[in-house]
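*Asks:* These protein sequence lines map, in sequence, to chains A and B. Read left to right, the first sequence gives residues 3 to 353 (my numbering). Read left to right, the second sequence gives residues 3 to 353 (my numbering). Quick reminder that beta carbons are idealized off the backbone N, C-alpha and C, glycines included. Being a predicted model, the structure only gives us computed values, none of them experimental. The structure under discussion is supplied below as structure tokens; questions concerning it will follow.
There are 2 protein chains.
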Amino acid sequence: MDSERKLRIVVDAMGGDFAPTNEIGGTLSALQETDNGFEAILVGKEAEIQAHLKKHAATGYSLSVVNASEVITMEDSPTAALKQKKDSSLAVGMRLHREGKAEAFVSAGNTGAVLSAATLILGRVKGVGRPTIGAFFPSEQGVFLLLDAGTNVDCRAQHLYEFAVMGSVYVKEIMKYEHPTVALLNVGEEEKKGTEIVQQAYRMLESGDLNFIGNVEGRDLLAGKANVVVCDGFVGNVLLKFGESVPSFLKSRLKRYAKGGFFRMLLVGLMRSPLRTSLKDMDYEEHGGLPVLGVNGVSIIGHGSSSQKAIKNMILKAMEVAKNRINEKIEEALAQSPPVIPSSGQAVARA
Amino acid sequence: MDSERKLRIVVDAMGGDFAPTNEIGGTLSALQETDNGFEAILVGKEAEIQAHLKKHAATGYSLSVVNASEVITMEDSPTAALKQKKDSSLAVGMRLHREGKAEAFVSAGNTGAVLSAATLILGRVKGVGRPTIGAFFPSEQGVFLLLDAGTNVDCRAQHLYEFAVMGSVYVKEIMKYEHPTVALLNVGEEEKKGTEIVQQAYRMLESGDLNFIGNVEGRDLLAGKANVVVCDGFVGNVLLKFGESVPSFLKSRLKRYAKGGFFRMLLVGLMRSPLRTSLKDMDYEEHGGLPVLGVNGVSIIGHGSSSQKAIKNMILKAMEVAKNRINEKIEEALAQSPPVIPSSGQAVARA
Numbered sequence: 003m004d005s006e007r008k009l010r011i012v013v014d015a016m017g018g019d020f021a022p023t024n025e026i027g028g029t030l031s032a033l034q035e036t037d038n039g040f041e042a043i044l045v046g047k048e049a050e051i052q053a054h055l056k057k058h059a060a061t062g063y064s065l066s067v068v069n070a071s072e073v074i075t076m077e078d079s080p081t082a083a084l085k086q087k088k089d090s091s092l093a094v095g096m097r098l099h100r101e102g103k104a105e106a107f108v109s110a111g112n113t114g115a116v117l118s119a120a121t122l123i124l125g126r127v128k129g130v131g132r133p134t135i136g137a138f139f140p141s142e143q144g145v146f147l148l149l150d151a152g153t154n155v156d157c158r159a160q161h162l163y164e165f166a167v168m169g170s171v172y173v174k175e176i177m178k179y180e181h182p183t184v185a186l187l188n189v190g191e192e193e194k195k196g197t198e199i200v201q202q203a204y205r206m207l208e209s210g211d212l213n214f215i216g217n218v219e220g221r222d223l224l225a226g227k228a229n230v231v232v233c234d235g236f237v238g239n240v241l242l243k244f245g246e247s248v249p250s251f252l253k254s255r256l257k258r259y260a261k262g263g264f265f266r267m268l269l270v271g272l273m274r275s276p277l278r279t280s281l282k283d284m285d286y287e288e289h290g291g292l293p294v295l296g297v298n299g300v301s302i303i304g305h306g307s308s309s310q311k312a313i314k315n316m317i318l319k320a321m322e323v324a325k326n327r328i329n330e331k332i333e334e335a336l337a338q339s340p341p342v343i344p345s346s347g348q349a350v351a352r353a
Numbered sequence: 003m004d005s006e007r008k009l010r011i012v013v014d015a016m017g018g019d020f021a022p023t024n025e026i027g028g029t030l031s032a033l034q035e036t037d038n039g040f041e042a043i044l045v046g047k048e049a050e051i052q053a054h055l056k057k058h059a060a061t062g063y064s065l066s067v068v069n070a071s072e073v074i075t076m077e078d079s080p081t082a083a084l085k086q087k088k089d090s091s092l093a094v095g096m097r098l099h100r101e102g103k104a105e106a107f108v109s110a111g112n113t114g115a116v117l118s119a120a121t122l123i124l125g126r127v128k129g130v131g132r133p134t135i136g137a138f139f140p141s142e143q144g145v146f147l148l149l150d151a152g153t154n155v156d157c158r159a160q161h162l163y164e165f166a167v168m169g170s171v172y173v174k175e176i177m178k179y180e181h182p183t184v185a186l187l188n189v190g191e192e193e194k195k196g197t198e199i200v201q202q203a204y205r206m207l208e209s210g211d212l213n214f215i216g217n218v219e220g221r222d223l224l225a226g227k228a229n230v231v232v233c234d235g236f237v238g239n240v241l242l243k244f245g246e247s248v249p250s251f252l253k254s255r256l257k258r259y260a261k262g263g264f265f266r267m268l269l270v271g272l273m274r275s276p277l278r279t280s281l282k283d284m285d286y287e288e289h290g291g292l293p294v295l296g297v298n299g300v301s302i303i304g305h306g307s308s309s310q311k312a313i314k315n316m317i318l319k320a321m322e323v324a325k326n327r328i329n330e331k332i333e334e335a336l337a338q339s340p341p342v343i344p345s346s347g348q349a350v351a352r353a
């Protein structure tokens with residue numbers, strides 16, 4: 003990548019639940035905020051996009067539009083949709099990235115389809131068996147990355163090990179955590195806890211070069227015991243969705259409490275601001291989307307319901323990731339210390 | 003059981019972190035509250051127990067003490083401890099229950115050891131492959147039972163099916179939920195989501211006689227979509243511990259917010275009561291311990307840190323469970339509709 007040249011970011015204009023409104027609005031506000039600091043490529047139904055741009059009276063932006071006649075919806079089966087809808091905004095946009103016409107790709111669309119497209123079109127980083135998507139969680143010690151967040155429900159120990167390596171590189175390079183700590187999510191602290199797969203992963207992580215601190219339990223997550231927490235996508239997905247539902251549960255409980263009289267109502271009204279401030283980083287939008295890790299490129303995935311602000315943050319995050327060569331570092335880290343899967347007992351590093 | 007006769011409840015006096023203080027205090031207060039409505043059998047180091055009873059000046063209670071010279075600690079490996087410590091309060095108490103000298107057993111000790119003792123000493127209910135422990139979760143629709151809560155980290159579809167049957171009988175008979183709804187915890191609503199094991203379990207549940215409402219996701223739990231939610235013990239344990247850590251995370255966040263000035267401090271002070279009231283049923287103590295399901299008897303397990311109140315509630319819960327013949331109902335339900343594990347496609351009920 004020519005360092006003189008502006009980064010080119012593809013935005014899947016048809017991805018999210020509020021597409022293309024939020025996608026276009028978010029892109030324009032990212033361009034404003036960076037003073038046209040990158041080149042935006044909006045991919046999707048051109049006529050529709052142009053009509054929106056006209057509404058915004060969007061001139062003077064470093065922006066282009068590439069037509070794609072089809073849209074992959076949230077209901078579409080990821081792999082089937084990619085085969086059938088060759089001219090979808092997702093496929094067209096991802097191909098632009100692969101062909102070197104853009105340095106990053108951003109979408110708030112069907113998560114499974116984005117991951118599949120990234121894996122199939124961009125290809126995997128050398129040494130990576132399973133690309134993954136991580137999720138950010140708040141904790142008493144700051145934000146940490148949990149991965150896999152739902153894309154790989156069935157994992158072997160090797161995959162968990164790869165997630166740890168990829169997560170570790172990501173939080174070091176992008177989130178600037180020095181010597182990030184890595185932990186394995188388990189049902190107890192002891193090495194011999196959990197399933198056979200998790201125990202194998204423990205031995206691999208112990209023999210590797212990461213800053214592995216051992217197992218953490220469910221109760222250790224919000225306490226912030228590690229910067230990177232590894233689990234299979236089944237556990238990760240359940241936890242992520244459970245965690246996201248906590249604030250609304252709390253709200254519903256307080257609402258019921260407020261029904262108990264005027265003073266209670268007043269009290270609950272007063273609580274809004276402290277609660278909102280305190281739980282701010284449980285808010286998805288703040289983190290700028292989730293990175294697809296382990297593919298040859300930069301793909302950022304957002305929540306289907308991403309707001310304009312969330313799209314803007316995703317674009318800014320994509321720029322940051324594209325500037326770093328995290329894929330090279332992932333490849334390097336996986337090549338450096340690939341522990342052989344031990345059938346039992348101690349792990350042995352491949353000679 | 004003679005209905006004229008008082009129920010006899012064994013209390014493991016040496017089980018919890020604050021044993022025997024809380025165990026004895028909790029037993030006495032259960033006897034007070036029920037007006038000696040049951041016969042308590044305190045099992046443990048007799049001299050120590052008698053000394054405590056003397057302190058309480060405990061006379062007039064329907065209470066006896068059975069000596070057991072050993073104690074299984076929280077650090078002991080469950081199976082090894084049971085083999086080595088034949089005269090532990092846990093083993094002696096459980097044997098009293100098996101021999102018909104008591105109708106129920108209550109312990110706040112080492113969870114794994116209690117489950118092992120219950121399984122090995124009492125034996126499994128006919129048709130049950132894996133006894134289980136459930137946990138109660140709060141929700142917008144009232145408390146629901148999640149199982150397995152951590153005892154079986156690796157489950158086959160048949161086990162998940164059994165958990166559903168046992169949970170369904172429990173919430174119907176003990177919690178008086180009519181036609182309880184049962185759901186499978188998964189990463190999406192669709193039948194084809196999740197691991198192969200979970201998909202198999204889906205087909206079994208669909209072909210069975212339970213009020214199965216399909217898959218629920220992490221976000222549906224606190225919303226209260228089902229009365230019984232089934233998952234493997236790995237997921238259940240992580241979720242349970244994560245959920246238990248939410249209130250303390252919230253507290254720490256609010257504490258930090260309060261440091262921002264006097265008004266903020268005041269506000270957070272005012273929030274204490276509404277928050278406590280709103281989150282009351284996230285409190286372990288209120289639910290009276292967790293039942294071991296699938297063993298020939300009644301075993302209630304409490305948190306290691308159980309207070310006197312928690313022990314009292316566990317005893318009251320044990321009486322309630324002992325009065326119901328839930329094991330017969332579990333056996334019946336498992337015998338009635340045992341779906342054959344389908345290798346793929348539809349499930350077929352055994353003829």
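To the nearest angstrom, how far is it from the Cα of Asp-14 (chain B) to the Cα of Lys-243 (chain A)?
*Replies:* About 38 Å.
*Asks:* Any chance you could list the beta strand (DSSP E) runs of at least 3 consecutive residues sitting entirely within the segment 148-187 of chain B, in chain order?
*Replies:* Listed in chain order, the complete beta strand (DSSP E) runs (minimum 3 residues) inside the segment 148-187 of chain B are 183-187.
*Asks:* Looking only at its chain, what residues have a beta carbon closer than 7 Å to the beta carbon of Val-231 (chain B), apart from the 5 residues adjacent to it on each side?
*Replies:* Excluding residues within five positions, the ones whose Cβ falls inside 7 Å are Phe-146, Leu-148, Ala-185, Leu-187, Val-218, Leu-223.
*Asks:* Looking at chain A, which residues of the segment 217-231 of chain B have a Cβ within less than 9 Å of any of its Cβ atoms?
*Replies:* Here the close residues are Glu-219, Gly-220, Arg-221, Asp-222, Leu-223, Leu-224, Ala-225.
*Asks:* Is there a C-beta anywhere in chain E that falls below 7 Å from the one on Gly-62 (chain A)?
*Replies:* Protein chains in the displayed structure are A and B, and chain E is not among them.
*Asks:* List the whole-angstrom C-beta distance separating Met-168 (chain A) from Thr-134 (chain A), where the pair is believed to meet the contact cut-off of C-beta under 8 Å.
*Replies:* Indeed, because the Cβ distance is near 6 Å, the residues count as touching under 8 Å.
*Asks:* Contact criterion: CB-CB distance below 7 Å. Does Pro-22 (chain B) meet it with respect to chain A?
*Replies:* Output row for Pro-22 (chain B): interface = no.
*Asks:* Please state whether DSSP places Pro-22 (chain B) in a helix, a strand or coil.
*Replies:* In the structure shown, Pro-22 (chain B) sits in coil (DSSP, three-state: anything other than H, G, I, E or B).
*Asks:* Do Glu-164 (chain A) and Val-130 (chain A) have their C-beta atoms closer together than 7 Å?
*Replies:* Yes. Within cutoff.
*Asks:* Let's test the definition: count the other Cβ atoms within 10 Å of the Cβ of Ser-66 (chain A) and tell me whether it reaches 16, buried, or not, exposed.
*Replies:* Per the 10 Å Cβ criterion, exposed.
*Asks:* Quick check: is the beta carbon of Ser-346 (chain A) nearer than 7 Å to any beta carbon in chain B?
*Replies:* Caution is warranted here: a pLDDT of 49 is assigned to Ser-346 (chain A), below 50, making its placement in the model unreliable, and the coordinate value is therefore given only provisionally. No, Ser-346 (chain A) lies away from the interface with chain B (no Cβ there is under 7 Å from its Cβ).
*Asks:* Going by C-alpha to C-alpha distance, which of A:Arg-7, A:Gly-27, A:Val-12, A:Leu-277 sits closest to Lys-311 (chain A)?
*Replies:* With distances taken between Cα atoms, Lys-311 (chain A) lies closest to A:Gly-27.
*Asks:* Can you confirm whether Met-273 (chain A), when its beta carbon is compared against all beta carbons of chain B, has any partner nearer than 7 Å?
*Replies:* At least one chain B Cβ lies under 7 Å of Met-273 (chain A).
*Asks:* Determine whether the Cβ of Pro-133 (chain B) lies closer than 7 Å to any Cβ atom of chain A.
*Replies:* Chain A, which has no Cβ nearer than 7 Å to the Cβ of Pro-133 (chain B), makes this no.
*Asks:* Listed from N- to C-terminal order along the chain, which residues in the segment 139-153 of chain A have their beta-carbon within a distance smaller than 7 Å of any beta-carbon of chain B?
*Replies:* Listed in sequence order: Glu-142, Gly-152.
*Asks:* Where does Pro-293 (chain A) sit, in a helix, a strand or coil, going by DSSP?
*Replies:* Three-state result, Pro-293 (chain A): strand.
*Asks:* As a quick exercise: from A:Ser-275, A:Leu-318, A:Ile-74, pick the residue whose alpha carbon is nearest that of Ala-119 (chain A).
*Replies:* Here the closest residue by C-alpha is A:Ile-74.
*Asks:* To the nearest angstrom, how far is it from the Cα of Gln-143 (chain A) to the Cα of Gly-290 (chain A)?
*Replies:* In a straight line, the C-alpha of Gln-143 (chain A) is about 19 Å away from that of Gly-290 (chain A).
*Asks:* Grouping DSSP H, G and I as helix and E and B as strand, with all else coil, what is Thr-75 (chain B)?
*Replies:* Coil.
*Asks:* Can you list, in chain order, the residues of its chain whose CB lies under 6 Å from that of Glu-191 (chain B), leaving out five sequence neighbours each side?
*Replies:* Asn-217.
*Asks:* Could you check what DSSP says for Ala-137 (chain A) in three-state terms: helix, strand or coil?
*Replies:* Residue state, collapsed to three classes: strand.
*Asks:* Beta-carbon separation of Gly-17 (chain A) and Gly-111 (chain A) under 7 Å?
*Replies:* Taking 7 Å as the Cβ cut-off, Gly-17 (chain A) and Gly-111 (chain A) qualify as a contacting pair.
*Asks:* For chain B, find out if any of its Cβ atoms is closer than 7 Å to the Cβ of Thr-75 (chain A); answer yes or no.
*Replies:* It does not; no Cβ of chain B falls within 7 Å.
*Asks:* Does the segment 47-60 of chain B come close enough to the segment 75-87 of chain B to have 3 or more Cβ pairs within less than 8 Å?
*Replies:* In short, these stretches do not touch, since the Cβ pair count stays below three.
*Asks:* Could you spell out the range, first to last residue, of the alpha helix (DSSP H) harbouring Ala-83 (chain B)?
*Replies:* 80-86 is the extent of the alpha helix (DSSP H) around Ala-83 (chain B).
*Asks:* Looking at the structure shown, is Ser-91 (chain B) part of a helix, part of a strand, or coil, going by DSSP?
*Replies:* Helix.
*Asks:* With DSSP run on the structure shown, which of helix, strand or coil describes Arg-126 (chain B)?
*Replies:* Arg-126 (chain B) falls in the strand class under three-state DSSP.
*Asks:* Anything in chain B within Cβ reach of Val-184 (chain A), meaning under 9 Å, just list it in chain order.
*Replies:* In chain order: nothing, as chain B lies at least about 17 Å away.
*Asks:* Decide if Ala-151 (chain A) is buried, meaning its Cβ has at least 16 other Cβ atoms within 10 Å, or exposed.
*Replies:* Buried, since its Cβ has 16 or more Cβ neighbours within 10 Å.
*Asks:* Do the segment 257-275 of chain A and the segment 194-208 of chain A meet, that is, are 3 or more Cβ pairs less than 8 Å apart?
*Replies:* These segments do not touch.
*Asks:* In this structure, how does DSSP classify Ser-275 (chain A) when only helix, strand and coil are distinguished?
*Replies:* Helix at Ser-275 (chain A).
*Asks:* In the DSSP assignment, the alpha helix (DSSP H) including Leu-117 (chain B) goes from what residue to what residue?
*Replies:* First-last of the alpha helix (DSSP H) with Leu-117 (chain B): 113-119.
*Asks:* Can you tell me where the beta strand (DSSP E) holding Ser-301 (chain B) begins and where it ends?
*Replies:* Per DSSP, Ser-301 (chain B) belongs to the beta strand (DSSP E) from 301-303.
*Asks:* If you compare alpha carbons, which of A:Arg-132, A:Asp-19, A:Gln-86 is closest to Ser-309 (chain A)?
*Replies:* For Ser-309 (chain A), the nearest C-alpha among the options comes from A:Asp-19.
*Asks:* Determine the extent of the alpha helix (DSSP H) in which Glu-198 (chain B) is found, giving its start and end residues.
*Replies:* Here the alpha helix (DSSP H) through Glu-198 (chain B) covers 198-209.
*Asks:* Checking 7 Å against the spacing of the C-beta atoms, do His-99 (chain B) and Gly-299 (chain B) come in under that value?
*Replies:* Contact flag set, yes.
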